[in-house]
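Colleague: Going down the list, the protein sequences come from chains A, B and C.
Going by my numbering, the first residue of the first sequence is number 130, and it counts up by one from there.
Going by my numbering, the first residue of the second sequence is number 80, and it counts up by one from there.
Going by my numbering, the first residue of the third sequence is number 426, and it counts up by one from there.
Even glycine gets a Cβ: it sits at the ideal position worked out from N, Cα and C.
This one's a predicted model, so the numbers in the text were calculated from it and none came from an experiment.
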Amino acid sequence: MNKYAIFLGCTVPVRAQHYELSARNVAKELGIDLVEMSGASCCGFPLKAVDAETALLVAARNISLASKIKLDVVTLCNSCTAMLSDAQIQLNTEEFHSKFKKVGLSYPHEVRVRHFVRMLYEDIGIDKIGEAVKKPLNGLKIMPHYGCHYMRPSQLYGFDNTETPHTLDELVSVTGAESVNYADKKMCCGGSVLGVDEELAIKMANHKLSIAKENGVDAIASICPFCTVMYEDNQRKAEAQFETQYGIPVLYYPQLLGLSLGLDANAVGLKFNRIKSDSMMEKLTR
Amino acid sequence: MNNKIRVLICNCHGSVKLPKLEFGPDTIVEQHDNLCNVKPKISAEDKVVIAGCSPNLLEGIYPEINAEFVNIFEHIALIGHPAEKANALIAAAIEKAKHTEPIKKKTFEIKHKKALVVGGGIAGIEVAFQLSKNGVDVTLIEKKPFLGGTVAKLDRLYPEGTPYSHTLMPLISNLGSCKKLERLVNTTLTEVSGRPGDYRVALKTVPRGVVECINCGKCIDVCPVEVDDDGKKRKAIYYLPTYPDSYAIDFDTCTKCGECVKICPGKIDLNEKINETEINVGAIVVATGLNWYDVKKVEEYGYGRLEGVMKTLEFERAVASGTLHPKKVAVIYCAGSRDTNHLPYCSKICCLLGLKEAKLVKDRFPEAEVYVIAMDMRSYGTFEYLYNKLRDRGVSFVKGKPSEILKRNGSLVVRTEDLYTNELLEIDVDSVVLSSGFIADTETFSKLNIKLDGDFPVLFENAGLGSHELPRGIFTAGAATFPSGVAETLIDARKASSSALNLLREDRIETRLPQAKVDEEQCSLCRMCIGTCPYKAISIVDDKIKINEELCMGCGICSVTCPSYASQLEGWNHRGLYEQIRALVDKGDLLAIMCRWSAYNATERAAQDRLSYGENVKIMRVPCTGAVDPSHVMLALNKGARGVLIGGCYPDACHYARGNFRAKARESILRMNLELMGMDKNRVRLEWIGKDEAQKFIKIVEEMNK
Amino acid sequence: MIDLRKSDPQFKWEIAKREGGEGLLKCFGCSDCAASCPVRYFDERYNPRKIIRFTLLGMKDIVLKSPFLWFCAHCHACTERCPQGIRVAELINAIKNYAVEQGYCPDGYKMQLDLLMKMGRLYEVEDFDLKKRQRIGLPPIDKTIPEVAKILESTDILKVLKK
Numbered sequence: 130m131n132k133y134a135i136f137l138g139c140t141v142p143v144r145a146q147h148y149e150l151s152a153r154n155v156a157k158e159l160g161i162d163l164v165e166m167s168g169a170s171c172c173g174f175p176l177k178a179v180d181a182e183t184a185l186l187v188a189a190r191n192i193s194l195a196s197k198i199k200l201d202v203v204t205l206c207n208s209c210t211a212m213l214s215d216a217q218i219q220l221n222t223e224e225f226h227s228k229f230k231k232v233g234l235s236y237p238h239e240v241r242v243r244h245f246v247r248m249l250y251e252d253i254g255i256d257k258i259g260e261a262v263k264k265p266l267n268g269l270k271i272m273p274h275y276g277c278h279y280m281r282p283s284q285l286y287g288f289d290n291t292e293t294p295h296t297l298d299e300l301v302s303v304t305g306a307e308s309v310n311y312a313d314k315k316m317c318c319g320g321s322v323l324g325v326d327e328e329l330a331i332k333m334a335n336h337k338l339s340i341a342k343e344n345g346v347d348a349i350a351s352i353c354p355f356c357t358v359m360y361e362d363n364q365r366k367a368e369a370q371f372e373t374q375y376g377i378p379v380l381y382y383p384q385l386l387g388l389s390l391g392l393d394a395n396a397v398g399l400k401f402n403r404i405k406s407d408s409m410m411e412k413l414t415r
Numbered sequence: 080m081n082n083k084i085r086v087l088i089c090n091c092h093g094s095v096k097l098p099k100l101e102f103g104p105d106t107i108v109e110q111h112d113n114l115c116n117v118k119p120k121i122s123a124e125d126k127v128v129i130a131g132c133s134p135n136l137l138e139g140i141y142p143e144i145n146a147e148f149v150n151i152f153e154h155i156a157l158i159g160h161p162a163e164k165a166n167a168l169i170a171a172a173i174e175k176a177k178h179t180e181p182i183k184k185k186t187f188e189i190k191h192k193k194a195l196v197v198g199g200g201i202a203g204i205e206v207a208f209q210l211s212k213n214g215v216d217v218t219l220i221e222k223k224p225f226l227g228g229t230v231a232k233l234d235r236l237y238p239e240g241t242p243y244s245h246t247l248m249p250l251i252s253n254l255g256s257c258k259k260l261e262r263l264v265n266t267t268l269t270e271v272s273g274r275p276g277d278y279r280v281a282l283k284t285v286p287r288g289v290v291e292c293i294n295c296g297k298c299i300d301v302c303p304v305e306v307d308d309d310g311k312k313r314k315a316i317y318y319l320p321t322y323p324d325s326y327a328i329d330f331d332t333c334t335k336c337g338e339c340v341k342i343c344p345g346k347i348d349l350n351e352k353i354n355e356t357e358i359n360v361g362a363i364v365v366a367t368g369l370n371w372y373d374v375k376k377v378e379e380y381g382y383g384r385l386e387g388v389m390k391t392l393e394f395e396r397a398v399a400s401g402t403l404h405p406k407k408v409a410v411i412y413c414a415g416s417r418d419t420n421h422l423p424y425c426s427k428i429c430c431l432l433g434l435k436e437a438k439l440v441k442d443r444f445p446e447a448e449v450y451v452i453a454m455d456m457r458s459y460g461t462f463e464y465l466y467n468k469l470r471d472r473g474v475s476f477v478k479g480k481p482s483e484i485l486k487r488n489g490s491l492v493v494r495t496e497d498l499y500t501n502e503l504l505e506i507d508v509d510s511v512v513l514s515s516g517f518i519a520d521t522e523t524f525s526k527l528n529i530k531l532d533g534d535f536p537v538l539f540e541n542a543g544l545g546s547h548e549l550p551r552g553i554f555t556a557g558a559a560t561f562p563s564g565v566a567e568t569l570i571d572a573r574k575a576s577s578s579a580l581n582l583l584r585e586d587r588i589e590t591r592l593p594q595a596k597v598d599e600e601q602c603s604l605c606r607m608c609i610g611t612c613p614y615k616a617i618s619i620v621d622d623k624i625k626i627n628e629e630l631c632m633g634c635g636i637c638s639v640t641c642p643s644y645a646s647q648l649e650g651w652n653h654r655g656l657y658e659q660i661r662a663l664v665d666k667g668d669l670l671a672i673m674c675r676w677s678a679y680n681a682t683e684r685a686a687q688d689r690l691s692y693g694e695n696v697k698i699m700r701v702p703c704t705g706a707v708d709p710s711h712v713m714l715a716l717n718k719g720a721r722g723v724l725i726g727g728c729y730p731d732a733c734h735y736a737r738g739n740f741r742a743k744a745r746e747s748i749l750r751m752n753l754e755l756m757g758m759d760k761n762r763v764r765l766e767w768i769g770k771d772e773a774q775k776f777i778k779i780v781e782e783m784n785k
Numbered sequence: 426m427i428d429l430r431k432s433d434p435q436f437k438w439e440i441a442k443r444e445g446g447e448g449l450l451k452c453f454g455c456s457d458c459a460a461s462c463p464v465r466y467f468d469e470r471y472n473p474r475k476i477i478r479f480t481l482l483g484m485k486d487i488v489l490k491s492p493f494l495w496f497c498a499h500c501h502a503c504t505e506r507c508p509q510g511i512r513v514a515e516l517i518n519a520i521k522n523y524a525v526e527q528g529y530c531p532d533g534y535k536m537q538l539d540l541l542m543k544m545g546r547l548y549e550v551e552d553f554d555l556k557k558r559q560r561i562g563l564p565p566i567d568k569t570i571p572e573v574a575k576i577l578e579s580t581d582i583l584k585v586l587k588k
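Listed below in C-alpha cells is the structure:
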C-alpha cells in the first residue's frame with residue numbers, strides 16, 4: 130500500500146477544502162493512505178523574499194515532522210512543494226543541517242517531498258489509474274495548467290520536462306477527457322504578484338483565460354490553490370478589467386480524476402467551486 | 080668521449096673578469112673569448128659546463144649538446160659582483176654535472192614514407208593532393224560513400240554565395256592526377272598504434288552495395304525508400320557528383336527489398352562483406368570536418384517538434400532545391416552555443432552561416448522578410464562586409480536571445496527581447512533557421528591520443544607553439560581542428576600538409592627535450608604522479624608506470640611529487656640538484672631558484688638594466704617552479720641560507736599549465752613547517768615574477784635580505 | 426542618464442557572495458531571462474536583465490529602491506533558460522533579501538511575517554472553518570503552530586525588519 134504524509138499548507142485546508150476533499154477521496158479510491166502531519170505549519174515560502182534562510186528553516190521543521198513518522202511527503206500546493214523540496218535538499222548540506230540542529234530540530238530519517246499529482250504519475254502510474262477509471266470524461270475539453278513550481282526549477286525536481294511538460298496532460302487524458310495543447314502552457318498565473326500589483330496579476334491570469342476561451346475548453350485543470358485563486362476567484366475581475374465574459378470552470382485535477390473514478394459531485398466538492406460547472410456536468414450525463 | 084668535465088669559460092671579448100681557472104682534477108678548463116661565435120668541438124657525450132652569458136642565448140647556439148649553464152655575464156660581470164662568486168657558481172654547476180646523466184636523445188626512424196588522411200571533405204582532399212604531389216604515398220579514407228564532406232551538401236559558400244561546386248569540383252579533379260593515391264570510401268579508422276614515422280592503422284570498409292555501375296540511374300526510379308537528407312529528398316540508393324563515379328546504397332535506410340538488384344544492368348550486391356585491413360604509415364592527418372550539434376536538445380526552439388524550424392543546412396538545401404519558398408524567416412543565432420547547458424564555446428562560423436542563409440533568401444526571394452536575431456554578431460574580419468551588405472538589402476537585425484518558439488494560429492512565433500530597442504518582440508514567421516554550433520570529433524581524437532583543450536585539439540599545439548621540440552606524427556587539418564569556413568579550411572589543410580611533409584622527408588628525427596624517466600625498481604606504484612601530470616602523460620601499462628614520450632613536456636612536476644624518487648627529469652635529477660645546492664649555498668646567502676620561463680629572465684633583465692642587488696643572492700635555473708623539491712629548499716636553509724626565493728610565472732601563465740600552483744601548495748606547507756619549527760616562515764617565499772619584472776625581483780630580494 | 430560616479434563597486438560582490446547570488450558575474454546580458462519572464466511579458470517596468478546589469482554596475486540605489494524588484498514571481502522560467510547557468514530567480518531573491526537587510530521591505534511581507542509569528546500560518550483558522558471541515562468529513566487541523574514563532578525568534582529576521 131502506498132502511504133504518505135500529507136502536507137496541507139496554509140491555503141488548502143481553509144480556502145480550498147474541495148481540493149483537499151477530492152484528493153483524499155481519490156487517494157482512497159486508488160488505495161493510497163494519507164497520514165496527517167500533526168503540527169505542520171506554513172511551508173515557509175512567504176518568507177523567502179524576506180530571508181531565504183529563515184524560510185528554509187520553517188520548511189525544514191515541517192520535513193522533520195514527516196521524518197519522525199518515516200513517511201515521504203506529498204503536497205497539494207506547487208509553492209509548498211518547491212519550498213519543502215528545497216529544504217529537503219539543503220538538509221543534506223553540512224552548513225544548513227547544523228543551523229537546523231541549532232534550533233532544536235532533527236531529521237532522523239531521509240524523506241522525499243513530491244507534489245500529490247507527481248506522486249500519482251510516478252507511484253500509481255497512468256496505466257493503473259486508467260484501469261480504475263469507471264466513468265470516462267469523454268467529450269470534455271480540459272486545459273491543463275501546470276503552474277510554475279510543479280516542475281521548475283528542474284535542478285530541484287528533475288521531473289517532467291520544463292519546456293514541453295506532459296505529465297498533467299497524460300493524467301488529464303487518462304480520465305477520458307481531451308487535454309488541450311496550447312501555446313504558453315508554461316505561463317505563470319500571476320499569483321505571486323497579486324500582493325504587489327493586482328492589475329498586473331489579473332493581466333497575467335487573463336492571458337490564459339483568453340486562451341482557454343479561444344480553445345472553447347470546458348474547464349481548466351489546476352493543481353495549485355494559488356493558480357486557482359487567479360483563474361477562478363479572480364475570473365470576475367479579469368472579465369471586468371478586459372470587458373469580456375469567460376465563465377470557465379476551474380477544477381482541481383483530483384476533482385476531475387475523482388469524477389472519472391466514479392465519485393459523485395459531492396465527493397469531489399464540486400459545489401465549493403465558485404464558477405459552476407453545470408454545463409460541463411451536463412455534457413457528461415448526456 | 081672524455082670522463083672529465085669540460086668547463087668552457089667565455090670572457091665575452093674581455094668584458095668579464097675571469098675567475099680562477101682551476102676546478103679540481105675531474106675538470107678540464109678551457110678559456111674562450113666569444114663562445115657565441117667560435118664554436119669549439121664538443122661531442123654530445125661530453126659532460127660540459129658553459130660559463131658565459133645567458134643560457135637562453137647559448138642553448139640556441141649549442142642545441143646538440145648537454146650542458147650546464149652558468150651566467151657569469153648577467154649575474155656577475157654586468158652588476159659588478161666579484162669573480163669569487165663566479166667561481167662558486169661554476170663549482171656548483173660542476174657538482175651538478177658530475178651527478179647528472181646526460182640527456183639521451185631520442186631518435187625516431189621515419190620508416191614509412193606514407194600518410195593516412197582521415198576524412199574526405201575539402202580539407203582531406205587538399206591534404207591528400209598536396210602530399211601526393213610531393214611524392215608521398217597517400218591513403219585517403221572517407222566514412223561516407225562519396226568524397227566531398229560537408230561542402231558537397233551545401234548550396235553555396237559565404238561570403239558571396241558562390242556555388243559549392245566552384246570550389247569542390249577542381250579539388251576533386253586534382254586527385255585524378257595523383258599517382259600514389261588510394262581513395263577508400265565507406266571506410267573508417269578503427270585502431271592506431273605506433274609512433275611518428277611508424278604507425279600501424281586498422282581500417283574498416285563497409286560495402287557500398289553497388290559493385291558495377293554504368294550510371295543509368297534506373298535504381299533510383301525503383302527504390303521505394305525516400306530519405307530526407309538534411310532538407311533534401313533522395314532515395315536510399317543515390318548518387319553525388321563527386322567520387323567515386325558510381326551510385327551507392329545508404330544501408331542505414333535501405334530495406335533490402337531487392338528492386339534495384341532486379342533492374343540494375345550492372346551489379347548490385349546487398350550482402351557484401353565488411354573488409355578489414357591494416358596499413359603502415361609514417362604520418363596521419365585528421366580532417367574529419369564539421370559535426371553539427373544536435374539542436375533538438377535546445378528544446379525551447381522546438382526543432383523536431385515544430386514544423387518549419389530547421390537547421391541552417393536543411394534550410395539552405397530546401398530553398399536551393401526549390402521545395403521551400405519562405406516569405407518570412409527568422410534566423411536565430413547561438414542556438415545552443417555559448418550556453419553552459421549545451422556548447423559553452425563559440426563555434427566561430429555559425430554567425431557567418433546565418434548571414435549566408437539570410438543572403439540566400441534575399442537572393443532568391445527579394446520580397447521575403449528576414450529577421451536575424453543574434454545576441455552578438457561576430458562577423459569577424461572582412462566578413463563584416465557581408466553584414467553591411469545585408470543591412471543594405473533590408474534584412475532586419477534584432478539583438479537578443481529568443482526565449483522560445485511557439486506555434487500560434489498556424490504560424491511560428493519567435494519571442495525575444497530586442498536589446499537595441501529594449502522591447503519585447505514577438506515575430507510571426509513561416510520558417511525559423513537555427514544557426515547552431517559544432518561539436519568536436521572526440522571519438523577520432525581519443526583514438527589518436529590528440530591533446531584537447533575542452534573538446535577540440537589544443538590550438539597552440541597545432542600551430543607548433545608549445546611542443547615544437549617534440550616529434551609529432553599526427554596532425555589535424557581544417558574544421559576538425561576547429562569549425563572553419565571553406566577558405567580557412569583550405570589554408571589550414573595546406574599548413575597541415577607541409578607539417579606532415581617536413582616529417583616524412585626526413586629519415587630520422589630526434590628530440591632533445593628532457594623527459595621524465597621512471598626507475599621501475601624504485602617505483603612503488605603509488606600512482607601519485609598520474610594525477611599530478613598536467614599532460615596526462617603518465618599511465619599504468621602492464622602493472623608498470625609508463626611515461627608517454629609524445630605527451631611528456633619535461634616540466635619535472637612528477638619528479639617532485641614522487642615519494643620514492645623513482646621519477647626523475649632528465650638533466651635535472653634529484654641528486655644533481657642536491658649536490659649543486661650543497662656546493663652553492665654558503666652561510667648568509669639568499670638562494671633564488673628561478674623558473675627558466677619567467678623569473679630567471681627577470682634576473683637577467685635586472686643586469687641589463689644595471690640594477691644591482693646583494694652579492695649574497697645566488698641564482699639557480701629550473702625548468703618550472705613545480706619541479707622545486709621542498710627538501711632542496713630545506714637543504715639550502717640548513718646550509719645557512721638566510722632565505723630561499725622561488726620565482727615563477729604568474730598564476731595563469733605557467734608554461735606547463737599548473738606547475739606554479741603545485742609550487743604554491745608546496746610553499747604553503749613549507750612555510751607552515753618552518754613556523755612549527757620555530758623559524759621565520761618568511762625565509763621561504765614563492766613569488767610570481769614576470770620575465771620583464773626586474774624591479775620586482777630586486778624589491779623582493781631586498782626585502783628578504785633585510 | 427545614470428551617473429556611474431554614484432556606483433558602489435562593492436555592491437556586486439555583496440550580492441555574489443550570498444546564497445543564490447553566486448552566478449551574478451557570469452551574466453553576459455543576452456536577455457533570455459527577460460524574454461522568458463512572464464511578468465516582463467505583461468509589464469515592462471519589471472526586467473530581470475536590468476536588475477542584474479544595474480547590480481553589476483554597482484547602482485545600489487536604483488536596484489534596492491525600485492518597487493519593481495518585488496515584481497519577480499519567482500517562477501524560475503529564467504533559471505531554466507539562462508545560458509550561463511545563473512539561477513536567476515534565486516539571484517533576484519538574494520537581491521530582495523539584501524534589500525530587506527538594507528531596510529527596504531515592502532509592508533505586505535511585514536504583515537505576512539506578523540501572521541506567521543502569531544499563528545504559524547497565513548490564514549486564520551476560525552471555528553467556522555473547523556466546523557465546515559468536520560461537516561464534509563475532513564480531519565481537524567491545528568489553529569496555531571507556536572513553534573514557527575520560535576524559529577523566527579531564533580534568526581535575525583525580526584531584528585532586520587525592525588531596522
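Quick one: which residues of the segment 317 to 350 of chain A get their C-beta closer than 8 Å to a C-beta of chain F? List them in chain order.
Modeller: Here the protein chains are A, B and C, and chain F is not one of them.
Colleague: Can you grab the Cα-Cα spacing for the pair A:L338 / B:R470, in whole Å?
Modeller: Distance between the alpha carbons of A:L338 and B:R470: 41 Å.
Colleague: Cα-Cα, which of B:N717, B:V449, B:E338 and B:C728 is closest to B:V763?
Modeller: Taking only the C-alpha atoms, the option nearest B:V763 is B:N717.
Colleague: Where in the segment 296 to 346 of chain B do unbroken runs of the beta strand (DSSP E), each at least 3 residues long, occur, reported from the N-terminal end onward?
Modeller: The segment 296 to 346 of chain B contains these whole beta strand (DSSP E) runs: 305 to 308 and 311 to 314.
Colleague: Rounded to the nearest angstrom, what separates B:D586 and B:E188 at their Cα positions?
Modeller: About 6 Å.
Colleague: When we look at the beta-carbon of B:S490 and count the other beta-carbons within 10 Å, is it buried (16 or more) or exposed?
Modeller: With fewer than 16 Cβ atoms within 10 Å of its Cβ, B:S490 is classed as exposed.
Colleague: Do you know how far the Cα of B:R287 is from the Cα of B:Y326?
Modeller: Spanning the two alpha carbons is a distance of roughly 8 Å.
Colleague: If you drop the 5 nearest sequence neighbours on each side, which residues of the same chain put their C-beta closer than 7 Å to that of B:D534?
Modeller: Cβ within range, chain order: I518, A519 and T521.
Colleague: Would you mind sorting B:E548 into buried or exposed? The rule is 16 or more other CB atoms within 10 Å of its CB.
Modeller: Confidence at B:E548 is low in this model, with a pLDDT of 43, below 50, so its placement is unreliable and the value that follows should be read with caution. Classification of B:E548: exposed, given that the 10 Å Cβ count is below 16.
Colleague: Buried or exposed: B:N581, going by 16 or more other Cβ atoms within 10 Å of its Cβ?
Modeller: Exposed.
Colleague: With a Cβ-Cβ cutoff of 8 Å, do B:K526 and B:V206 count as a contact?
Modeller: Their beta carbons are not under 8 Å apart, which means B:K526 does not touch B:V206 by this criterion.
Colleague: Which runs of the alpha helix (DSSP H) at least 4 residues long sit entirely within the segment 143 to 225 of chain A? Give them in chain order.
Modeller: Segments of the alpha helix (DSSP H) lying fully in the segment 143 to 225 of chain A: 146 to 158, 181 to 197 and 207 to 219.
Colleague: For the segment 281 to 298 of chain A, enumerate the residues whose C-beta is nearer than 9 Å to any C-beta of chain B, in chain order.
Modeller: Flagged, chain order: N290, T291, E292 and T293.
Colleague: Does B:P417 get closer than 8 Å to chain C when you measure Cβ to Cβ?
Modeller: What sits at residue 417 of chain B in the sequence shown is Arg, not Pro. Taking Cβ atoms only, chain C reaches closer than 8 Å to B:R417, which makes this a yes.
Colleague: Give me the residue from B:A453, B:V408, B:S416 and B:L422 with the minimum Cα distance to B:F444.
Modeller: Checking every option, the nearest Cα to that of B:F444 belongs to B:V408.
Colleague: Helix, strand or coil for B:R700 per DSSP?
Modeller: Reduced to three states, the DSSP call for B:R700 is strand.
Colleague: Out of B:V304, B:E357 and B:I358, which has the shortest C-alpha to C-alpha gap to B:T334?
Modeller: Residue B:V304 is the option with its Cα nearest to B:T334.
Colleague: What did DSSP end up calling B:K99 once you bin it into helix, strand or coil?
Modeller: B:K99 falls in the coil class under three-state DSSP.
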